[in-house]
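First residue of the sequence shown? That's 16 in the working numbering, and the numbers climb one at a time after it.
Built from N, CA and C at the ideal position, the CB exists for glycine as well.
A quick write-up on the structure given underneath.
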Amino acid sequence: MQEEAIKKKLFSAVQPSGAVTIGNYIGAIRNFAQLQDAYDCIYAVADLHAITVRQEASALRRNTLELIALFIACGVDPEKCILFVQSHVPAHCELTWVLNTITYPGELSRMTQFKDKSARHAENVNMGLMDYPVLMASDILLYQAALVPVGADQKQHLELTRDLALRFNNRYGDTFTVPEPYILKESGAKIMSLADPSKKMSKSDENVNAFITMSDDRDTVIRKFKKAVTDSDAEVRFDIENKPGVSNLLTIYHAFTGKSIAEAEKEFAGKGYGDFKLAVGETVADALIPIQAEKARLLKDKDFLNGVMKRGAENAYRIARKTLSKVYRKVGFYSGE
Ligand code: AQP
């Protein structure tokens, strides 16, 4: 008898909350293609998450389409993975409601991201922002994902997902797979702001010099790297504590060249920060060009992208519906059948 190996399910998502940065790319998107042969991958454009921070409607629509194109341009193959837009599968909101009833406000108000984003968007601290981790738990649990590739910044949310899965399973019987973090081999999966290396690089940063977007042109990339905050000595050395700016640039250089940090330190030994920043800028700019060209080509074929999204949502819904029916049965919703 022929045995077919059952692949583990892996889920990840990116918000269309702005132009995607090289932080999102290094920490998430570029790994997605590498994982698609070994795992059953489900990737979403998390537009429901994005509106927890105010978005302009037309920009959100454009960013959603662009993000689908970017995933594919970065090697995600819609024939191998499920690639879809979160709001196209209503089960995400439906499961969130049920999970809300086993989540305590204290555990949500303690979340670092909630505290950070509340401080950054003080004029719009809404319930959705607080409930963000429960929606994220629903994303993962709906697909019975065993693995979730997470950057350092999302570990706390994954912990909550595991707590909610266990809590639900204990109360209602075995329902959800309890997911494990998929720790990426790359060290330094967290890329910091170019303007303030104590903060993570974020696409919603108000200072455009703080991040490099995947669509920045060559001159812009180089200009932003030239402006990157470093320190007052002149040694290119990896030391997060004392030289966070230089260490961040070395991490980016390592991510785009595959050279080890030690090799990079050697390469720039005795050279000034000017040369170093220029080399990092040129390397990143060169690496972005083919991705940008492929994305532009895909964006010209909207029918193709719409087809990918439609098929993705149908396939996602097929899996999500099974989990949701099970949940509804367990909590006691009358099915009418
Ligand atoms: N700076 C980063 N370094 C490494 N990985 C990062 N990720 C985000 N920023 C970095 C990873 O990207 C994935 C998708 O993130 P997201 O868009 O869903 O939300 P986020 O983490 O909140 O990303 P941003 O850029 O900071 O968005 P905004 O500004 O809208 O909040 C995740 O896997 C994340 O780990």
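Near the ligand AQP: residue i beta-carbon under 6 Å from a heavy atom
i, result
"Asn321", "no"
"Met126", "no"
"Gly287", "no"
"Gln70", "no"
"Gly143", "no"
"Val236", "no"
"Gln51", "no"
"Gln30", "yes"
"Asp168", "yes"
"Asn355", "Residue 355 lies beyond the range of the chain shown here (16 to 352); nothing can be said about it."
"Gly260", "no"
"Ser219", "yes"
"Met151", "no"
"Gly188", "no"
"Ile117", "no"
"Ala302", "no"
"Asn39", "yes"
"Ala277", "no"
"Ala34", "no"
"Ile198", "no"
"Lys214", "no"
"Lys205", "yes"
"Ala270", "no"
"Gly42", "yes"
For residue i, the first and last residue of its enclosing alpha helix (DSSP H)
i, result
"Lys23", "It is not in any alpha helix (DSSP H) - Lys23 carries neither H nor E in the DSSP assignment."
"Leu162", "Looking at the DSSP string, Leu162 is not in any alpha helix (DSSP H); the run it does join, the beta strand (DSSP E), is Leu162 to Pro164."
"Tyr197", "No alpha helix (DSSP H) contains Tyr197, which is instead part of the beta strand (DSSP E) from Glu195 to Tyr197."
"Thr79", "Ala72 to Ala88"
"Tyr332", "Lys317 to Val346"
"Asp62", "Asp62 to Ala65"
"Tyr187", "Lys170 to Tyr187"
"Asn257", "From DSSP, Asn257 is part of no alpha helix (DSSP H); its letter is neither H nor E."
"Asn115", "Ala106 to Asn115"
"Phe191", "Counting along the chain, Phe191 falls outside any alpha helix (DSSP H), and DSSP gives it neither H nor E."
"Pro120", "Pro120 to Ser124"
"Gln49", "Arg45 to Leu50"
Terminal residues of the beta strand (DSSP E) in which residue i lies
i, result
"Glu278", "Note, Glu278: premise wrong, no beta strand (DSSP E); alpha helix (DSSP H) at Ile276 to Glu282."
"Leu98", "Ile97 to Val100"
Nearest to residue i (by Cα), restricted to the options the options
i, options, result
"Thr67", "Ala88, Ala137 and Arg125", "Ala137"
"Val149", "Ser262, Asp318, Ala210 and Phe183", "Phe183"
"Arg326", "Phe26, Gln30 and Glu94", "Glu94"
"Lys24", "Gly166, Arg77 and Ile334", "Ile334"
"Phe283", "Ala270, Gln307 and Glu250", "Glu250"
"Ile198", "Gly42, Lys274 and Thr36", "Gly42"
"Ser6", "Ala294, Phe191, Asp301 and Thr272", "Any question about residue 6 goes unanswered here, given that the chain covers just 16 to 352."
"Lys241", "Ser275, Ala300 and Pro164", "Ala300"
"Lys215", "Ala308, Ile267 and Ile21", "Ile267"
"Ile21", "Gln51, Ala34 and Asp55", "Asp55"
"Asp231", "Thr298, Leu303, Leu156 and Glu122", "Leu303"
"Asp131", "Ile83, Leu98, Leu162 and Gln169", "Gln169"
"Leu265", "Val323, Thr228, Pro164 and Ile206", "Ile206"
"Arg135", "Thr298, Asn222 and Glu297", "Asn222"
"Leu75", "Val35, Val104, Val165 and Glu329", "Val35"
Reduced DSSP category for residue i - H, G, I as helix; E, B as strand; rest coil
i, result
"Lys242", "helix"
"Ser202", "Confidence at Ser202 is low in this model, with a pLDDT of 48, below 50, so the placement of that residue is unreliable and no value is reported for it."
"Ala134", "helix"
"Met16", "Confidence at Met16 is low in this model, with a pLDDT of 47, below 50, so its placement is unreliable and the value that follows should be read with caution. Met16: coil per DSSP, three-state reduction."
"Val299", "helix"
"Ile57", "strand"
"Met142", "helix"
"Lys286", "coil"
"Ala28", "strand"
"Asp211", "coil"
"Thr36", "strand"
"Thr228", "strand"
"Arg233", "helix"
"Tyr349", "coil"
"Asn222", "coil"
"Ala249", "coil"
"Pro148", "helix"
"Glu309", "helix"
"Gly42", "helix"
"Ser217", "coil"
"Gln159", "coil"
At least three beta-carbon pairs within less than 8 Å, the stretch 246 to 266 to the stretch 304 to 313: As far as the Cβ criterion goes, the stretch 246 to 266 does not touch the stretch 304 to 313, which means the pair count is below three.
So, does the stretch 170 to 179 touch the stretch 210 to 223, judging by three or more C-beta pairs under 8 Å? Touching, no.
Check whether the stretch 63 to 78 touches the stretch 25 to 41, taking contact to mean three or more Cβ pairs, one atom from each stretch, closer than 8 Å. Yes, they touch.
Can you find at least 3 beta carbon pairs, one from the stretch 139 to 154 and one from the stretch 98 to 116, that sit closer than 8 Å? Short answer: they touch.
Would the stretch 75 to 93 count as touching the stretch 114 to 134 if we require 3 or more Cβ pairs under 8 Å? No contact exists between the stretch 75 to 93 and the stretch 114 to 134.
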